[in-house]
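In our numbering, the protein residues as written are 491 to 820.
So the structure is just underneath, and the comments pick up after that.
Here is the structure:
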């Protein structure tokens with residue numbers, strides 16, 4: 491027996507408009523269903539490590555074990571313009587390379603990550619393929635030297651803009667083909683302002699649900715995570731992309747001088763402010779994280795996905811209970 495749902499429609503709608511609405515709704519459901527089918531059936535818990543020295547303390551090692559974290563997104567180096575001291579010319583080089591003091595705990599899969607600055611892209615116009623080869627070769631060399639493998643994925647992190655999009659995508663496409671030959675996937679971070687892209691040059695995408703506001707704006711309430719800021723971008727669930735989701739568990743203090751952004755600093759600096767200096771203390775409130783998490787899962791669909799925390803730092807993580815961390819991962 492068929493249900494008669496005609497009472498739910500506005501009787502003033504013409505048949506043509508009604509047909510268009512039904513087709514659009516069907517198309518959205520089809521993309522969501524496709525997204526669900528493509529997603530991994532066995533999500534893994536992940537955490538970022540974004541320090542210059544890899545040396546875990548007992549609390550950080552315990553965090554991995556207690557929360558059954560299996561995937562460690564480990565920054566290897568940044569890519570940025572720098573001076574070649576031999577030639578004196580400005581070129582693009584790896585900087586802030588991570589120093590390894592302790593081994594990666596057993597049972598943890600490493601995803602080597604590379605941060606690529608906008609300045610590096612602008613200096614590499616026309617040489618994207620060469621840069622891609624240099625990045626991939628260095629990452630794999632570090633993986634081998636520090637015995638981090640085998641790795642199944644490498645991640646690129648870049649806040650690309652409309653003016654650098656084509657350059658960055660070419661770099662990623664080149665790197666992706668290189669990695670594919672070695673059986674390695676390319677992961678890429680996606681910021682909220684990049685979510686409307688029809689195509690990403692990655693095998694996997696991580697949606698960053700942090701740094702959601704303008705840190706340099708003195709009127710920003712909380713640039714780390716703000717539900718209202720996220721709402722501006724996650725307006726509907728009609729997207730063909732599958733995202734892993736990354737949430738913040740960090741804090742910082744933002745300083746201003748005469749109303750202008752003056753940088754990020756330590757809390758201790760608050761006690762010695764100069765004339766004209768002000769500050770804004772920002773944290774990652776669990777209430778805000780869970781509100782954003784509920785919205786993201788509602789909008790992006792119920793597809794299985796990996797939840798990732800940024801980042802593995804005992805000082806910041808100590809501010810949360812075991813149950814609160816579990817609420818992020820579940």
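Built from N, CA and C at the ideal position, the CB exists for glycine as well.
Computed from a predicted model, the values in this text were never measured in an experiment.
Three-way DSSP call (helix, strand, coil) for residue i in this model
i, result
"residue 671", "coil"
"residue 645", "strand"
"residue 651", "coil"
"residue 817", "helix"
"residue 576", "coil"
"residue 747", "strand"
"residue 586", "coil"
"residue 591", "coil"
"residue 570", "strand"
"residue 756", "coil"
"residue 666", "helix"
"residue 810", "coil"
"residue 628", "helix"
Distance, residue j Cα to residue i Cα
i, j, result
"residue 609", "residue 650", "10 Å"
"residue 664", "residue 694", "16 Å"
"residue 835", "residue 583", "In the structure as shown, the chain starts at 491 and stops at 820, and residue 835 therefore has no counterpart that could be examined."
"residue 751", "residue 709", "11 Å"
"residue 680", "residue 577", "36 Å"
"residue 622", "residue 611", "11 Å"
"residue 677", "residue 542", "21 Å"
"residue 572", "residue 581", "6 Å"
"residue 749", "residue 552", "42 Å"
"residue 598", "residue 815", "18 Å"
Minimum C-alpha distance to residue i - residue among the options
i, options, result
"residue 697", "666, 736, 724, 670", "736"
"residue 783", "669, 699, 557, 551", "699"
"residue 462", "544, 561, 554", "Only positions 491 to 820 of the chain appear in the structure, and residue 462 is not among them; the question remains open."
"residue 813", "786, 776, 597", "776"
"residue 744", "734, 778, 767", "767"
"residue 806", "734, 742, 645", "742"
Residue i beta carbon near the ligand ADP (any heavy atom closer than 6 Å)
i, result
"residue 551", "With respect to small molecules bound, the structure shown includes none, and the ligand ADP cannot be examined in it."
Report task. Go through the segment 690-743 residue by residue and report every complete run of the beta strand (DSSP E) that reaches 3 residues or more, in order. Result -> Counting whole runs of 3 or more residues, the segment 690-743 contains the beta strand (DSSP E) stretches 694-698, 733-738.
Report task. May I ask you to verify whether the segment 710-730 touches the segment 750-767, counting CB pairs closer than 8 Å and requiring at least 3? Result -> Verdict: no, contact absent.
Query - Cβ contact check for the segment 788-798 and the segment 740-756: 3 or more pairs under 8 Å - result: Remark: fewer than three beta-carbon pairs, one from each stretch, lie closer than 8 Å, so the segment 788-798 and the segment 740-756 are not flagged as touching.
Query raised in the report: Fully enclosed by the segment 529-569, which beta strand (DSSP E) runs are 3 residues long or longer?
Result: 536-539
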